[in-house]
Each structure stands twice: as structure tokens, then as C-alpha cells.
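Below is one structure, written out as C-alpha cells; comments come after it.
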Amino acid sequence: MATSSLSCGVCDLRHITKLPKIWCLECDEGLCTECQDHHSLSKASRNHSVIPITDYQKIPTDVLKICQYCSKHNKKFEIYCRKHQSPCCSKCTVESHNECRDIVDLHDVIQNTKSSNALCEIEETFAEIVENLEKIRQYHKENLSTFKDRRKEIENEIEKTRIKINNHLDKLQEDFIKQLNVVEEKENSKICQLLTSLEKTEKEIADYQEILLQSNNMQQTFKCFFRCGK
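Going by my numbering, 229 is the number at position 206 of the sequence shown; the sequence numbering is gapless.
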């Protein structure tokens, strides 16, 4: 049964929804407080193994998926066939394993497994795996921290480089503007000198024109003509 649909199995049959308080490993269902009392007093179930529902919810999902009932006969596994290495219900034992000699009680197999050296080795292996996983987790955690520090260093280097580039570009701009100002001043000076010269020439021409218009003296006219000829 999936943990997301936990409810009292007995109450479900009565179309009543109640949260379970315990889980019966034999019945493979949850029981509310009221049904738990009946379950613990009933002769058929008083010796069943039960655990708090909170402990049941901690069991890995893959383990919960392991069915305790025969899919063919819908009866609980009670026997274990060592020859075929498979659990069997009572009907399976009669129908398919009646010639098998190495058949034992499934409960005894589980109890023996719990106390066997193989289980101890498995537990040690799990402990080593957990330890290695912790080392791997710590290693990657440190790598993550190192990466963050390195990222910050790279960002700082990029910022410093950007500032250097900007400063260099600012210096180039300043130098170019200075050179441009010098060229502009020189050209402005040349143009101003030319304009002054043109204005002077224009004024002289205007003066000569005025003299020519107003003068009746041939001598002055000749001088003006001679001056303009220069």
C-alpha cells in the first residue's frame, strides 16, 4: 500500500475513513486506535507484529512494493522453497512444490537471516556505503564552495580588467581630443588670418572704388589705377 493512501484497512471495508495509528506486518494494513484494540485482543491476530505508523512511513518505497501475498492465490506467503529460492503460499506448496524437499517456514528463514553473518556483512556494507556517500557529498559540497569562491575571484578579475580597459579608452579619448583641439586651433588661426586679410583687401577695394567715383583729378585716378595694378 502506498504511503499516500494510508488509512485504517478495517474501517475502509466499512466505508469509513480513519487515519491508522499502527501498521500490522502480518495483515499488511494500517489500523486506527479502535481497530487496534480489537486486533490485539483477537486470538487470530494478538501475536501479530505491529509497528507505529510513523515507523512504517520511514520504510523505503522499494521495500513497501514487495508483496507479501501470492498473486496467483491471493494468500499470504508462509513457506520458503530453498530449491527454487522463492516464497510460497500454502496452495503453491501443494500445487507446485509438493516434490520439493527443502521447504521451510518463511518466518524461520527471516529470523535466521536476521541473526546470520550474512546480514551482519550486509549491514557493514550498508554502513560503508553510507560513509562513502557522506564523503562524496562532503567532497562535492566543498567543490561547490570552492566554485563559488573561484567565481567571485573571476568576477573581480573581470571587473578590474574592465576598469583598466575603460581607463585606457578614457586616456586615448583625452589624447585624441587634445590633438583635435590643437589641429582645430591651428586651422581656426589660419582661417581667421585669411578672413582678416580678405576683409582688409575688401576694404581697400571699396576705398579705391569710392575714390574712383568721386575723383575728377586725373592724377588721383592714375594713382588709384596704379595701386590697384599692384
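Every residue, glycine too, gets a C-beta built ideally from N, C-alpha and C. In this text, all values refer to a predicted model and were calculated from it rather than measured experimentally.
Host beta strand (DSSP E) of residue i (start-end)
{"i": "Ser-119", "result": "No beta strand (DSSP E) holds Ser-119; the alpha helix (DSSP H) holding it covers 113 to 119."}
{"i": "Ile-126", "result": "126 to 128"}
DSSP three-state assignment for residue i, whether helix, strand or coil
{"i": "Lys-98", "result": "coil"}
{"i": "Thr-26", "result": "Confidence in Thr-26 is poor, its pLDDT being 43 and thus under 50, which makes the residue's placement too unreliable to answer from."}
{"i": "Cys-215", "result": "helix"}
{"i": "Ile-234", "result": "helix"}
{"i": "Asp-172", "result": "helix"}
{"i": "Ile-82", "result": "coil"}
{"i": "Ile-89", "result": "coil"}
{"i": "Lys-209", "result": "helix"}
{"i": "Gln-161", "result": "helix"}
{"i": "Ile-273", "result": "This structure cannot speak to residue 273, because the chain is shown only from 24 to 253."}
{"i": "Glu-180", "result": "helix"}
{"i": "Asp-193", "result": "helix"}
{"i": "Ser-68", "result": "coil"}
{"i": "Asp-51", "result": "coil"}
{"i": "Ile-152", "result": "helix"}
{"i": "Cys-123", "result": "coil"}
{"i": "Ile-45", "result": "strand"}
{"i": "Leu-221", "result": "helix"}
Supposed contact pair residue j and residue i - C-beta distance, whole angstroms, cut 8 Å
{"i": "Leu-129", "j": "Pro-110", "result": "6 Å"}
{"i": "Cys-104", "j": "Ile-89", "result": "The Cβ separation is near 17 Å, so there is no contact."}
{"i": "Lys-99", "j": "Cys-123", "result": "With a Cβ gap of about 19 Å, Lys-99 and Cys-123 do not count as contacting."}
{"i": "Glu-57", "j": "Gly-32", "result": "With 8 Å as the limit, Glu-57 and Gly-32 do not qualify as a contact, their Cβ atoms being about 13 Å apart."}
{"i": "Cys-50", "j": "Cys-34", "result": "So it is not a contact: roughly 13 Å between Cβ atoms."}
N-terminal and C-terminal residue of the alpha helix (DSSP H) that residue i is part of
{"i": "Leu-36", "result": "32 to 36"}
{"i": "Cys-254", "result": "As shown, the chain starts at 24 and ends at 253. That puts residue 254 outside it, with no answer to give."}
Closer than 7 Å: residue i CB and nearest the ligand ADP heavy atom
{"i": "Gln-108", "result": "As far as ligands go, the structure on display features none, and thus does not contain the ligand ADP."}
Quick test of the definition: if touching needs 3 or more C-beta pairs under 8 Å, does the segment 69 to 76 touch the segment 35 to 51? Contact holds between the segment 69 to 76 and the segment 35 to 51, because three or more Cβ pairs, one in each stretch, are under 8 Å apart.
Counting Cβ pairs, one atom from each stretch, are 3 or more of them under 8 Å apart for the segment 112 to 119 and the segment 88 to 99? When C-beta atoms of the segment 112 to 119 are compared with those of the segment 88 to 99, three or more pairs fall below 8 Å, so the two segments count as touching.
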